[in-house]
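Chemist: A single structure is presented below for examination.
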Amino acid sequence: MDTTLPGPGPHWRPRAVVFDCDGVLMDTESAWARVQAQVAESFGVTLDERAGTSLMGLSAADVARDISQRAAAVAEQRDEPAPGFDAVYERLVRTEEDVVGEVLEPLPGAIETVRACAQRVPIAVASNSTRGILDRKMHAIGLADVVVTWVSAQDVPRGKPAPDIYEEAARRLGVEPADALAVEDSPAGTAAAVAAGLWVLGVPHGHDEPITSHFRAESLADPAVGDMLRVWGLPL
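Per numbering that gives the first Met the number 0, the very first residue in the sequence shown carries number 0; after that it's consecutive.
Given below as structure tokens:
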């Protein structure tokens, strides 16, 4: 069950907006899930639905850490050398570049929402993607000209669900976290933004996993998003 937190006062207005990328701006989460499963299988690990859900929204480093631990257990059973974290991480990033690069299409409402907000306040993107992949995504989606900065998991000590990425995004935009709105779709992402002190609009985009946020809409194409933006002085 989703958790809705108390929102800000009626006179609050965002001075900046920070968007997640995968699952909010573009539909790359299913591709990322395929990457995880493919890499895990290459090391003798089968990720069931529960394992896949637990990895949703995590950084490549955290996913590689999880898979390497599972692979070590498999290797021990087979009396084989265990793959190290570096080997798993390298293959994960290389596979992501091949697979995710094929599906760089914006989700409905993404372009319009980001450009509408960018007319009034500075915009950032905060993603658990690696730096190179995130840069590629931002240029492919056609928003690099209006997004002030994008923060990857490689730019901070810890990826989501830790707050580091959102704290860094707010710092780069020159605003206090409490003056910024985060737009997220995953449990890890909403947890990160809440922990960093941002107000969070949750847009689960069909996910069943529960999220914690202050506001909610089904996706950026949901008319409720336009209603909220108008209240905040960011009309579509």
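Glycine is no exception: its CB is placed at the ideal position from the N, C-alpha and C atoms.
In this text, all values refer to a predicted model and were calculated from it rather than measured experimentally.
1. Give the DSSP-derived three-state secondary structure of G51 in the structure shown.
2. Answer yes if the segment 187–197 comes into contact with the segment 75–93, meaning at least three C-beta pairs across the two stretches below 8 Å, and no otherwise.
3. Quick check on DSSP: helix, strand or coil for L233?
4. Do three or more CB pairs link the segment 152–172 to the segment 221–231 at distances below 8 Å?
5. Rounded to whole angstroms, what is the Cα-Cα separation between R215 and W198?
6. What would DSSP say about P160, mapped onto helix, strand or coil?
7. Can you grab the Cα-Cα spacing for the pair V87 / H138, in whole Å?
8. Using a Cβ-Cβ cut-off of 8 Å (strictly less than) and excluding sequence neighbours within five positions of V17, which residues of its own chain qualify?
9. Would A59 pass as a contact of A187 if the rule is Cβ separation under 8 Å?
10. Since I believe I210 is in contact with M25 (beta carbons under 8 Å), could you give me their beta-carbon distance rounded to a whole number of angstroms?
11. Please classify V98: does DSSP put it in a helix, a strand, or coil?
12. Kindly list the residues whose CB is nearer than 7 Å to the CB of T112, restricted to its own chain and excluding five residues on each side of it in sequence; keep chain order.
13. Checking 8 Å against the spacing of the C-beta atoms, do V62 and Q37 come in under that value?
14. Between P7 and the rest of its own chain, which residues show a CB-CB distance below 7 Å, the 5 nearest in sequence each way excluded?
15. Name the DSSP beta bridge partners of W149, please?
16. Looking at E95: is its Cβ nearer than 8 Å to the Cβ of W31?
17. Does A39 pass the burial test, meaning 16 or more other C-beta atoms within 10 Å, or should it be called exposed?
18. What number of angstroms, rounded off, separates the C-alpha of V150 from the C-alpha of T189?
19. Can you tell me which of the three DSSP states W31 falls into?
20. Can you name the start and end residues of the beta strand (DSSP E) that G201 belongs to?
21. Under the three-state reduction of DSSP, which class applies to F42: helix, strand or coil?
22. In angstroms, rounded to a whole number, what distance separates the CA positions of A74 and D154?
Modeler: From the atom records:
1. What you label residue 51 is simply residue 52 of the sequence shown in a count that begins at 1. Helix at G51.
2. Taking 8 Å as the limit for Cβ pairs, the verdict is that the segment 187–197 does not touch the segment 75–93.
3. Mapped onto the sequence shown, residue 233 falls at position 234. Three-state result, L233: coil.
4. no
5. Taking the sequence shown and counting its residues from 1, the one referred to as residue 215 is at position 216. Taking the sequence shown and counting its residues from 1, the one referred to as residue 198 is at position 199. Rounded to the nearest angstrom, the two C-alpha atoms are 11 Å apart.
6. The count along the sequence shown starts at 1 and reaches residue 160 at position 161. Shown here, P160 sits in coil according to DSSP, grouped into three states, outside any helix or strand.
7. In the sequence shown, residue 87 corresponds to position 88, counting from 1. In the sequence shown, residue 138 corresponds to position 139, counting from 1. Taking the straight line joining both Cα atoms gives about 27 Å.
8. Locating residue 17 in the sequence shown gives position 18, where the first residue counts as 1. Correct list, in chain order: I122, A123, V124, A125, Y165, A168, A169, L172, A179, L180, A181, V182, A192 and L197.
9. Position 60 of the sequence shown holds residue 59. Position 188 of the sequence shown holds residue 187. No, Cβ-Cβ distance for A59 and A187 is not below 8 Å.
10. Start at 1 with the first residue of the sequence shown, and residue 25 comes out as number 26. Start at 1 with the first residue of the sequence shown, and residue 210 comes out as number 211. 19 Å between Cβ atoms; not a contact.
11. Taking the sequence shown and counting its residues from 1, one reaches residue 98 at position 99. In the structure shown, V98 sits in a helix (DSSP, three-state: H, G or I).
12. Numbered from 1 along the sequence shown, position 113 holds the residue referred to as residue 112. Only L219, V224 and L235 meet the Cβ criterion.
13. Mapped onto the sequence shown, residue 62 falls at position 63. Mapped onto the sequence shown, residue 37 falls at position 38. Contact flag unset, no.
14. On the sequence shown, position 8 is the one that residue 7 refers to. Cβ neighbours of P7 beyond the five flanking positions: W198.
15. Within the sequence shown, the letter at position 150 stands for residue 149. Note: W149 sits in a beta bridge opposite V124.
16. Stepping through the sequence shown from its first residue, residue 95 is reached at position 96. Stepping through the sequence shown from its first residue, residue 31 is reached at position 32. In contact: E95 and W31 (Cβ atoms closer than 8 Å).
17. Your numbering for residue 39 matches position 40 in the sequence shown. Result: buried.
18. For the purposes of this step, residue 150 is identified with residue 151 of the sequence shown, where counting begins at 1. For the purposes of this step, residue 189 is identified with residue 190 of the sequence shown, where counting begins at 1. Whole-angstrom Cα-Cα distance: 16 Å.
19. Locating residue 31 in the sequence shown gives position 32, where the first residue counts as 1. Helix, per DSSP.
20. Within the sequence shown, residue 201 is the residue found at index 202, counting from 1. Unbroken beta strand (DSSP E) run through G201: W198 to G201.
21. For the purposes of this step, residue 42 is identified with residue 43 of the sequence shown, where counting begins at 1. Collapsing the DSSP output to three states places F42 in coil.
22. As a position in the sequence shown, residue 74 is number 75, starting the count at 1. As a position in the sequence shown, residue 154 is number 155, starting the count at 1. When rounded, the separation of the alpha-carbon atoms in A74 and D154 is 32 Å.
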